[in-house]
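Heads up: the sequence shown begins at 1 in UniProt numbering, then just goes up one per residue.
This report concerns only the one structure given below.
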Amino acid sequence: MLMAGERYERIDLLYPGNMSEVWLARDMRTHQEVALKILKPVIEDDQLNHKAQERFQREIKIARSLKHQHILPLLDSGWTHYNQRKVPFLISPYMPERSLASMAKKQAPWQYWTLAQTGDAIMQAAQSLWYLHTRQPAIIHGDVKPGNFLVRVVRDARPTQRCVELFLFDFGIAHLKDVSVEYIEVSDVIGTYQYMAPEQVNQRAYCASDQYSLAIMACWMLTGRFPINVGANPLAHVVDPPLAPSQLNAERIFSSAIDAVILRALAKDPEQRFSTVLAFAQSLQQAIEQQASEETTARTISVDLALDVLPEERSRVPEATMHPRYTLPPEQMQFSLDPIDIREGLVLDEPIAPAPVKAATTSGRREISGRLYTPLALQTLAHFDLPARLRMLSWQPQGEILACALYGEPPCILSRNGPLEHLPRVSQVEDTHELCWSPDGRILALSKGGEVRFWDRVEQRLLPLVMRFQARSIVAFSWSSTWNMALWVGERVVLYALPLHQLHIPQPPLPVTLSREEMSGSGVLCWSPDGKRLVAGTRSGRLMCWRIGQRIEFLYDHEDGEIVRGISWAPDSSFYAVAFRDNRVEGWERSGQQRIFQWSNLPSLPRMVSIAPDGRVAVVLNSQRTLFGFPGELAPLYTLPVSFQATWSPTRIELAALDEGNDTRLTIWGG
């Protein structure tokens, strides 16, 4: 076979890897552009060079035996000289649009593709892996990631059509598995940290290992985020529970079916995953179709709610009250994540070193995105290990106890001086989306799907009243100190008078409709603690406030243009804080006419805000950090090692928050 230098002319370096390089080359015989992959020897390390050469030769052998529509074909192979050494090379077709990882930097799948198109791409990847797994002997790829799928874009594809064709390549660490063995032992731990299956960290490889890596890749394509925060420590795959897609990008993924499929494929035990990688992709496509069907149904169903306004009173109700402009959408009050950096993560070519021990301390200033923050002077009062991932927190108005909504489990109730109390495992309360307390702190309102139910903590039972709506879910709801419950349902914000005796009547009272016009996207809803003002924030950045008195009065309508991610009132109702998607938090005095502070250019997107009794504002960031500051300061100056959720008690300087990087470990801090 001819040497590469005699036939293939190198034009441009495409990928300068550690052990090999990929060049754009020209075939001097056919004058076509091709991709030339060449082994890069390491100076003065013959043992490492020999091992790398064995891997490269195995890659050529495997690639030559494969023929599949979603696997990049091998065109040629041979030997050439590089750095005065004779090294192997291989030739494959040149794909000018490069890899899925490269394409995502300009056109991220979670932003530009439909869910159906994403599901189709994952199916293509699964088909290529299924082909490998059914060979004799079976082939385990071992490094499934976006960077190892080349793409060919389908021009002018419609939302229901295929938008890319994928081609699996790079069999540099692939392994051949005999049918008589369950898994293969590998001498080194090699792969890409972010996509490595737990068993690969322990130097074992199964066909199911490729399924795990594909599930990580699928989650990234669907949400723009990784389900496990690995960083430079792949042991996180072994010990850390994965986050569900709906937690990572609640705006795009709301289906429990999609969550269930991804989480099953990410099971730590390979035997608990799907029987084949193809079964995983098929189940994911079905779940995506189910969400699309639910979305279509939700758009065609209207909520038929009567007005509790007498005909003679309607003329006196302001027009903005009867016909407002927008409505707020689902469960994003607490969780919303930005797309993350597209970098593939580190490639591990040597055995893993022991993970460093993280010191549990808040001493010393902390750097976040290049800025230094002072640790907040709070002490740990209590720790709680939750039975499942936390969805949201709600303090009792008296500030004594907390209610926790969990993913896939009934809510639990806790106080820093007592044990966890679990609501009964019944279908009506399991996987509660949102919750809030009655003014007296006795009743817990629970929303799930299009229903609201009421749990009496004293009598330990569900009360007779059930509020049902023809909607996929309740966007947001809040119970005021004057026993008025505001709900954002479908395209309306409605108000119910719900005193304690009303909860013992199966039928709800007639509501007052505050908003009738369409609102789109995410939204939040929050009563002032004195029960006199209701503030709503929309996806368009609009802030709307209703003042509640002898009659409902539309107070103001402030439009900004950026998505509202969170709203929180000061416990004395003197001001409220609003978090916007453009890395900004603003504070407004109670009437909404005067802005009292603005923190711009925060290190990352704020996901929620909370205000302490002393006026201190907590801002939970997308980057798994929480910052603190007072309204009179130009920017937040303090931080704590907490993330995802952080909520101040309404009566004490006590903060309930998830531990940094652990969505089932709840800590109460006090000062």
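Cβ coordinates follow ideal geometry from the N, Cα and C atoms, glycine included.
What are the start and end residues of the alpha helix (DSSP H) that includes residue i?
i: Asp210; result: Cys207 to Thr223
i: Ser102; result: Leu100 to Ala104
i: Trp130; result: Leu115 to His133
i: Ser246; result: Pro245 to Leu248
What's the C-alpha gap between residue i and residue j?
i: Trp220; j: Arg58; result: 30 Å
i: Phe670; j: Gln285; result: Phe is not the amino acid found at residue 670; the sequence shown has Gly there. Cα-Cα distance, rounded: 47 Å.
i: Ile474; j: Gly399; result: 25 Å
i: Ser649; j: Gln194; result: 37 Å
i: Leu500; j: Cys436; result: 15 Å
i: Arg542; j: Ser591; result: 15 Å
i: Leu263; j: Arg10; result: 44 Å
i: Tyr82; j: Glu294; result: 58 Å
i: Lys67; j: Pro73; result: 7 Å
i: Gln32; j: Met196; result: 36 Å
i: Gly615; j: Gly587; result: 11 Å
i: Ala635; j: Val578; result: 14 Å
i: residue 714; j: Ser643; result: A query on residue 714 cannot be resolved here, the shown segment of the chain reaching from 1 to 671 and no further.
i: Ser128; j: Val277; result: 10 Å
i: Ile668; j: Pro529; result: 22 Å
i: Glu350; j: Arg204; result: For Glu350, the predicted structure reports a pLDDT of 36, less than 50, and the residue's modelled location is therefore unreliable. A value from the coordinates is still provided. Roughly 15 Å between the two C-alpha positions.
i: Val619; j: Met608; result: 6 Å
i: Leu115; j: Ile122; result: 11 Å
i: Lys448; j: Val489; result: 12 Å
i: Asp259; j: Glu251; result: 14 Å
i: Ala104; j: Thr118; result: 12 Å
i: Pro245; j: Leu222; result: 8 Å
i: Trp110; j: Leu248; result: 11 Å
If you drop the 5 nearest sequence neighbours on each side, which residues of the same chain put their C-beta closer than 8 Å to that of residue i?
i: Ala125; result: His70, Val144, Phe149, Leu166, Leu168, Leu214, Met217 and Ala281
i: Ala35; result: Leu14, Val22, Trp23, Leu24, Ala25, Ile91, Ser92, Pro93, Tyr94 and Met95
i: Ala257; result: Gln286, Ala287, Gln290 and Gln291
i: Leu39; result: Met19, Ser20, Ala52, Gln53, Phe56, Tyr82, Val87, Pro88 and Phe89
i: Asn229; result: Ala236, Asp240, Gln624 and Gly661
Under three-state DSSP, which class holds residue i?
i: Glu491; result: coil
i: Gly172; result: coil
i: Ile228; result: coil
i: Gln203; result: coil
i: Lys177; result: strand
i: Asp27; result: strand
i: Ser256; result: helix
i: Pro606; result: strand
i: His70; result: coil
i: Asp440; result: coil
i: Lys61; result: helix
i: Trp110; result: helix
i: Gln594; result: coil
i: Val578; result: strand
i: Lys51; result: helix
i: Asp240; result: coil
With distances taken between CB atoms, is the gap from residue i to residue j smaller than 8 Å?
i: Glu654; j: Pro641; result: no
i: Phe477; j: Leu446; result: no
i: Ala174; j: Pro270; result: no
i: Arg461; j: Arg442; result: no
i: Ala382; j: Glu409; result: no
i: Ser394; j: Pro439; result: no
i: Pro571; j: Ile611; result: yes
i: Gly627; j: Tyr212; result: This sequence places Leu at residue 627; Gly is not what is there. No, the Cβ-Cβ distance between Leu627 and Tyr212 is not below 8 Å.
i: Leu420; j: Val429; result: no
i: Thr639; j: Pro375; result: yes
i: Leu621; j: Leu602; result: yes
Go through its chain and collect everything with a Cβ distance to residue i's Cβ below 6 Å, but skip five positions before and after it.
i: Asn662; result: none
i: Arg162; result: Asp120 and Val154
i: Pro464; result: His504 and Pro506
i: Ala63; result: Leu74 and Phe171
i: Gln598; result: Glu586
Tell me which residues share the same chain as residue i and place their Cβ nearer than 7 Å to its Cβ, disregarding the 5 neighbours each side in the sequence.
i: Ala497; result: Trp483, Asn484 and Pro509
i: Ala298; result: Summary for Ala298: the model assigns pLDDT 46, below 50, so the residue's position carries little reliability; its value from the coordinates is reported in the next sentence. Around Ala298: Ala471 and Arg472.
May I ask which residues mark the beginning and end of the beta strand (DSSP E) holding residue i?
i: Ala157; result: Looking at the DSSP string, Ala157 is not in any beta strand (DSSP E), and its letter there is neither H nor E.
i: Thr513; result: Val512 to Ser515
i: Trp588; result: Arg584 to Glu589
i: Gln645; result: Val642 to Trp648
i: Val151; result: Phe149 to Val153
i: His383; result: Gln379 to Asp385
Does chain C have any CB closer than 8 Å to the CB of residue i?
i: Ser275; result: Note that chain C does not occur in the displayed structure, where there is just one protein chain.
Indicate, with yes or no, if the ligand ATP has a heavy atom lying under 7 Å from the CB of residue i.
i: Asp240; result: By its list of ligands, the structure shown contains no ligand whatsoever, and the ligand ATP lies outside what it can speak to.
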